[in-house]
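I have placed the structure first, in the form of structure tokens, so that the comments after it can refer back to it.
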Amino acid sequence: MLKIINLSSRYFNQTKYIFSQFNLTIPIHKKVALLGQNGSGKTTLLLLIDGLLKAENGSIYWEQELLKYHPKNIKQWRKRIGLTFQNPEQQLVAGTVAEDISFGLCNLQLSKQEIKERLEQVLKDFELELLANEPLHHLSLGQKRRVALAGVMALNPELLLLDEPTTYLDQHQRNNFLQELERIYEQGTTILIATHDLNFAYQWADWFIFIHEGKVILEGEANYVFNQRQILEQIKIQLPILWEIWHTLPPDLKQQNNQQLPRNIEELKKIICRIGKQTVID
Ligand code: ADP
-7 MLKIINLSSR YFNQTKYIFS QFNLTIPIHK KVALLGQNGS GKTTLLLLID
43 GLLKAENGSI YWEQELLKYH PKNIKQWRKR IGLTFQNPEQ QLVAGTVAED
93 ISFGLCNLQL SKQEIKERLE QVLKDFELEL LANEPLHHLS LGQKRRVALA
143 GVMALNPELL LLDEPTTYLD QHQRNNFLQE LERIYEQGTT ILIATHDLNF
193 AYQWADWFIF IHEGKVILEG EANYVFNQRQ ILEQIKIQLP ILWEIWHTLP
243 PDLKQQNNQQ LPRNIEELKK IICRIGKQTV ID
């Protein structure tokens, strides 16, 4: 599991702490959404977990390994924990797609053969084969995001941290991205996504963490957290659209679906169609 204990952190030359005595535990193999208003500390927390920002106090453990900031330890840590930035342009360093993905692999000191095999696999997995030799500056932001994700996944991280991954994606790319996430999750990776896209989070995640002013204010499964209206109002978070629609349906109709929340539009459509047919027959 990921365990954060009494973490305190503030940016260089700042007096204000973003996190003070912050605690958080995330079990392994979960799909976790990290939510909160702009400025609540989501990006900062991901940077701290990845070791890109050094905490002033406190400890971060991944599966019993303590994060230490010595360059040798950090290198080992980043083999286990991968991060993609909100802006993929900050992440991509090489000339072409294939070069960029290989760059990370070279840092792992793998054999040439293994680098070649991992590169080919990841190009295939992320449907980047046709773009392999394309200069990065020819790509759209959505494509760059896919390359950044492919580059991190080539390293086989156990914990994947994604910062606002749905920005720049159109509906089609978003659906593809959801499939990519599912594949990554099924490989055994724990995924933590910082997002303000509540509808995406609701569709994808199985565990929700809300942070506010540097504290975890609410966490749990969908059924629990989205019932905490008062807390959500306090932190100015609206409810996911599908949740709202579901709760406007009459109780007996929801009962017919065993109170199973629809998590995407297809599931909701099926329920409504089934209910519609039953009503006609009745
Ligand atoms: P979120 O990702 O939830 O929008 P951030 O982690 O980006 O929040 O920001 C948390 C707080 O840290 C904000 O008050 C922001 O202004 C501050 N902050 C972020 N980056 C820096 C920085 N490089 N230097 C100083 N303050 C920063």
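Residue 157 in our numbering is what sits at position 165 of the sequence shown, and the numbering runs on without skipping anything. For glycine and all other residues, C-beta sits at the position ideal for the given N, C-alpha and C.
Report task. List the DSSP bridge partners of GLU57. Result -> GLU57 pairs with TRP54.
Query raised in the report: Would you say the beta carbon of GLN280 comes nearer than 7 angstroms to a heavy atom of ligand 1?
Result: The requested residue 280 is not part of the displayed model; the chain covers only -7 to 274.
Query raised in the report: Can you tell me where the beta strand (DSSP E) with ASP155 in it begins and where it stops?
Result: 151 to 155
Query raised in the report: Is TYR3 near ligand 1, in the sense that its beta carbon is under 7 angstroms from a heavy atom of that ligand?
Result: yes
Requested in this report: Return yes when at least one heavy atom of ligand 1 lies under 7 angstroms from the C-beta of GLY43, else no.
Outcome: No, the beta carbon of GLY43 sits no closer than 7 angstroms to any heavy atom of ligand 1.
Query - Where GLY347 falls: helix, strand or coil (DSSP) - result: Nothing can be reported for residue 347, as the shown portion of the chain is limited to -7 through 274.
Requested in this report: Kindly give me the distance between the Cβ atoms of LEU120 and VAL144, rounded to whole angstroms, as I take these residues to be in contact under 8 angstroms.
Outcome: Not confirmed; about 13 angstroms, so no contact.
Query raised in the report: Measuring from the CB of ALA186, is there a heavy atom of ligand 1 at a distance below 7 angstroms?
Result: Answer for ALA186: yes, Cβ within range of ligand 1.
Query - Near ligand 1: LYS46 beta-carbon under 7 angstroms from a heavy atom - result: no
Query raised in the report: Is the number of C-beta pairs between the region 196 to 210 and the region 11 to 25 that are closer than 8 angstroms three or more?
Result: Yes, the region 196 to 210 touches the region 11 to 25.
Requested in this report: Report, in whole angstroms, the separation of the C-beta atoms of ILE66 and GLY43, which I expect to be a contact under 8 angstroms.
Outcome: 5 angstroms
Query raised in the report: First and last residue of the beta strand (DSSP E) that includes GLN13?
Result: 11 to 18
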